[in-house]
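Engineer: For what it's worth, UniProt numbering labels the leading residue of the sequence shown as 1, then goes sequentially. Heads up, the beta-carbon is just placed ideally off N, CA and C, and yes, glycines get one too. My questions will all concern the structure given below.
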Amino acid sequence: MQTLTQPYSFNYLNRARNPTIRPAPTRIVVKCGYGFESAGFSQGFGSSRADWQSSCAILASKVVSQQEDSPAGETHSGADVGTVNGHKTSVTDLNLVPINISGNDNKPVLPTPLTISDLSPAPMHGSQLRVAYQGVPGAYSEAAAGKAYPNSQAIPCDQFEVAFQAVELWIADRAVLPVENSLGGSIHRNYDLLLRHRLHIVGEVQLPVHHCLLALPGVRKEFLTRVISHPQALAQCEHSLTKLGLNAAREAVDDTAGAAEYVAANKLLDTAAIASARAAELYGLQVLADGIQDDPNNVTRFVMLAREPIIPRTDRPFKTSIVFAHDKGTSVLFKVLSAFAFRNISLTKIESRPHRNRPIRVVDDESEGTAKHFEYIFYIDFEASMAEVRAQNALAEVQEFTSFLRVLGSYPMDMTPWNPSC
Numbered sequence: 001m002q003t004l005t006q007p008y009s010f011n012y013l014n015r016a017r018n019p020t021i022r023p024a025p026t027r028i029v030v031k032c033g034y035g036f037e038s039a040g041f042s043q044g045f046g047s048s049r050a051d052w053q054s055s056c057a058i059l060a061s062k063v064v065s066q067q068e069d070s071p072a073g074e075t076h077s078g079a080d081v082g083t084v085n086g087h088k089t090s091v092t093d094l095n096l097v098p099i100n101i102s103g104n105d106n107k108p109v110l111p112t113p114l115t116i117s118d119l120s121p122a123p124m125h126g127s128q129l130r131v132a133y134q135g136v137p138g139a140y141s142e143a144a145a146g147k148a149y150p151n152s153q154a155i156p157c158d159q160f161e162v163a164f165q166a167v168e169l170w171i172a173d174r175a176v177l178p179v180e181n182s183l184g185g186s187i188h189r190n191y192d193l194l195l196r197h198r199l200h201i202v203g204e205v206q207l208p209v210h211h212c213l214l215a216l217p218g219v220r221k222e223f224l225t226r227v228i229s230h231p232q233a234l235a236q237c238e239h240s241l242t243k244l245g246l247n248a249a250r251e252a253v254d255d256t257a258g259a260a261e262y263v264a265a266n267k268l269l270d271t272a273a274i275a276s277a278r279a280a281e282l283y284g285l286q287v288l289a290d291g292i293q294d295d296p297n298n299v300t301r302f303v304m305l306a307r308e309p310i311i312p313r314t315d316r317p318f319k320t321s322i323v324f325a326h327d328k329g330t331s332v333l334f335k336v337l338s339a340f341a342f343r344n345i346s347l348t349k350i351e352s353r354p355h356r357n358r359p360i361r362v363v364d365d366e367s368e369g370t371a372k373h374f375e376y377i378f379y380i381d382f383e384a385s386m387a388e389v390r391a392q393n394a395l396a397e398v399q400e401f402t403s404f405l406r407v408l409g410s411y412p413m414d415m416t417p418w419n420p421s422c
């Protein structure tokens, strides 16, 4: 059986052991303003946060051009997935964005997420790890970043791709982004970005759902006429909202924490938001109902991304993620999957996405005519480390049936036990 060699096409082990040292990009002096324009959040950070502000805006103008070039139907919302443990116990070790008090209302003033039009030089390296996530402070992704990297500096980004670019441009050291939910399924946008960008998966973290119904202080449930949140969060709480007697209209917004921010900033007395308890704390809202998710077995899986891969090990459970496009032929996908089955390697996920560079394959058959087939690329997660010979041999065999093969990362599995009720 063929084994992986040093000149092997994806050369994952060699890259992990010899990380590339890249110089920081040239400094660009640009204004980076933070602050909410809505009522109650009109003031931004003072000079004490100038260093943080100047390091949090990134060059992301490529996002606009890439989205304009993308075919219709491929764009996906960069919304935060509504699945997390909203209790403070899951994020107590995270040095979250500081809360400044503004005006006589004692309202917290928080930075807005990075936008695709922001520019900034990469900050100098310090002792504190900088972790990018999609959403605003109080988002579920922020809690995932806290579990993945305690005592880190959280950097909010307004889009998934901005978080990727924050790491690539050395503005952040890591990114923590959702890839799948146990009820809502895969986050297709992030799978596409994993292929488009050159970051490496270095870990995973899983968080259970804990939704709360939030409103302004003093508001009662019977006065509510509207409930806003991310579409998945609304769907995950539908039965609970009905049991609470809420026949209010449901309205979808970009993310859960953004819904809480919107209610607080606009002082909406007739509107509630579905978000985390952390969001209630940040935006000065009261919790009308706690734990309103319909299914307690609802978990979101996040991946941790870095510029360089980690060195695979065999002393603890590892997972490896790959992406490939199969060659022409019969039963090719079966042959690929058999390479893992024959070596007793368990697959934990198979995901197919349209092949952007070759969306349709035309087959001419003299007896049956012309047929058109959609072309796909496949993402696979399997439980084995790239340091194991069986994994190396499996991928060596897989490459015989593929036109393209790339290892996205070989990383420790999240083995932390979780309690759905926490």
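1) Could you tell me which residues DSSP puts in a beta bridge with PRO354?
2) Pick out whichever of THR416, GLU383 and ALA396 has its Cα sitting closest to the Cα of GLY409.
3) Per DSSP, what kind of secondary structure is VAL227 in: helix, strand or coil?
4) Going by C-alpha distance, which of ARG130, GLU375 and ASP315 is nearest TYR411?
5) Hey, quick one: how far does the beta strand (DSSP E) through GLY409 stretch, first residue to last?
6) Would you kindly work out how many angstroms separate the C-alpha atoms of GLN153 and ALA144, rounded to a whole number?
7) How long is the line joining the alpha carbons of VAL167 and GLY218, rounded to whole angstroms?
8) In terms of residue numbering, what span does the alpha helix (DSSP H) encompassing VAL167 cover?
9) In three-state DSSP terms, what is GLN232?
10) Taking its Cβ as the centre, do 16 or more other Cβ atoms sit within 10 Å of MET304, making it buried, or is it exposed?
11) So, at 7 Å on beta carbons, what are the nonlocal neighbours of LEU333 in its own chain, with the 5 sequence-adjacent residues on each side left out?
12) Quick one: using the 10 Å Cβ neighbour count with 16 as the cut-off for buried, is VAL389 buried or exposed?
13) Who are the Cβ neighbours of VAL205 in its own chain at under 6 Å, not counting the five residues just before and after it?
14) Below 8 Å between beta carbons: does that hold for ARG226 and ALA248?
15) Buried or exposed for ALA394, please, with buried defined as at least 16 other CB atoms from any protein chain shown within 10 angstroms of its CB.
16) Buried or exposed: where does ARG278 fall if 16 or more other Cβ atoms within 10 Å of its Cβ makes it buried?
17) Checking 8 Å against the spacing of the C-beta atoms, do GLN236 and VAL209 come in under that value?
18) Are the CB atoms of LEU199 and ALA306 nearer to each other than 8 Å?
19) Are residue 451 and PHE223 close, meaning C-beta to C-beta below 8 Å?
20) What are the uninterrupted segments assigned as beta strand (DSSP E) that are 3 or more residues long and contained completely in the stretch 235 to 263, given in chain order?
Structural biologist: With the structure as the only source:
1) TYR376
2) GLU383
3) strand
4) ASP315
5) 402 to 412
6) 13 Å
7) 42 Å
8) 160 to 168
9) helix
10) buried
11) HIS326
12) exposed
13) ALA144, LYS147, ALA148, PHE302 and ASP414
14) yes
15) buried
16) buried
17) yes
18) yes
19) Past the boundaries of the shown model lies residue 451; the chain is included only from 1 to 422, so the question cannot be answered.
20) 249 to 252
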